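Novice:
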Amino acid sequence: MNRARGFSLVTAMFIMIIVALLVASVARISGQSRQAGVLQLSEARAFQAAQTGLEWGLYQLQGGNCPASPTTFQVGGDLAGFQIQVSCTRRDYTENGASVAIFDLTSMATRGTLGVDADYVSRQVQLTVEGP
Numbered sequence: 018m019n020r021a022r023g024f025s026l027v028t029a030m031f032i033m034i035i036v037a038l039l040v041a042s043v044a045r046i047s048g049q050s051r052q053a054g055v056l057q058l059s060e061a062r063a064f065q066a067a068q069t070g071l072e073w074g075l076y077q078l079q080g081g082n083c084p085a086s087p088t089t090f091q092v093g094g095d096l097a098g099f100q101i102q103v104s105c106t107r108r109d110y111t112e113n114g115a116s117v118a119i120f121d122l123t124s125m126a127t128r129g130t131l132g133v134d135a136d137y138v139s140r141q142v143q144l145t146v147e148g149p
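Under our numbering, the first residue of the sequence shown carries the number 18, and numbering increases by one thereafter.
#1: Helix, strand or coil for Tyr110 per DSSP?
#2: Extract the residue ranges of the alpha helix (DSSP H) inside the region 70-149, only unbroken runs of 4 or more that lie entirely within it.
#3: Per the contact definition of three or more C-beta pairs closer than 8 angstroms, is the region 90-106 in contact with the region 30-42?
#4: Between Gly17 and Ser124, how many whole angstroms is the CB-CB distance? I'm expecting something under 8 angstroms.
#5: How would you label Gly70, buried or exposed, when you count the other beta carbons within 10 angstroms and need 16 or more for buried?
#6: Sort Gln79, Ser116, Tyr110 and Ser59 by Cα distance to Leu96 and report the nearest one.
#7: Using beta-carbon positions only, say whether Phe99 and Arg128 come within less than 8 angstroms of one another.
#8: Give a yes or no on whether the C-beta atoms belonging to Ala126 and Ala67 are separated by under 8 angstroms.
#9: What separation, rounded to the nearest whole angstrom, lies between the Cα atoms of Phe64 and Arg140?
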């Protein structure tokens, strides 16, 4: 009878250890999944912030010239905390006797410091447009 109780105790402890390990691994996987979701949201916001910079640059091109380059600014709302830097270069050429300007816009949005912040995120987008 003592032998059966001893075997049952060892079996119960083994099962408890296995269940504890399973619970710990599920908790770890859940935490990693949540962290990945937060990072994906930050990446999407960085892309939208970079797009905002391009739209601002396009608006500035209405006068026919590049805005001061580079220009750095921040916006509020869901994109608060992102540093947006827009740069523009102009290339002129002649086509069939007409002068044509090509504008290359680059917008980069960053939040945090590379190598310092664990949640650092950065996105860069480029656009080339033909102007008057």
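No residue lacks a Cβ here, since even glycine has one placed at the ideal position from N, Cα and C.
Here the structure is a predicted model, which means the values were calculated and not measured.
Specialist: Let me lay it out:
#1: Annotated three-state conformation of Tyr110 is strand, per DSSP.
#2: Given a length threshold of 4 residues, the region 70-149 has no whole run of the alpha helix (DSSP H) inside it.
#3: No, they do not touch.
#4: With the chain running from 18 to 149 in the structure shown, residue 17 is simply not present.
#5: So Gly70 ends up on the buried side.
#6: Across the set Gln79, Ser116, Tyr110 and Ser59, the C-alpha of Ser59 shows the shortest separation from the C-alpha of Leu96.
#7: The Cβ atoms of Phe99 and Arg128 sit closer than 8 angstroms to each other.
#8: Closer than 8 angstroms, so yes.
#9: Going by the C-alpha atoms only, they are around 5 angstroms apart.
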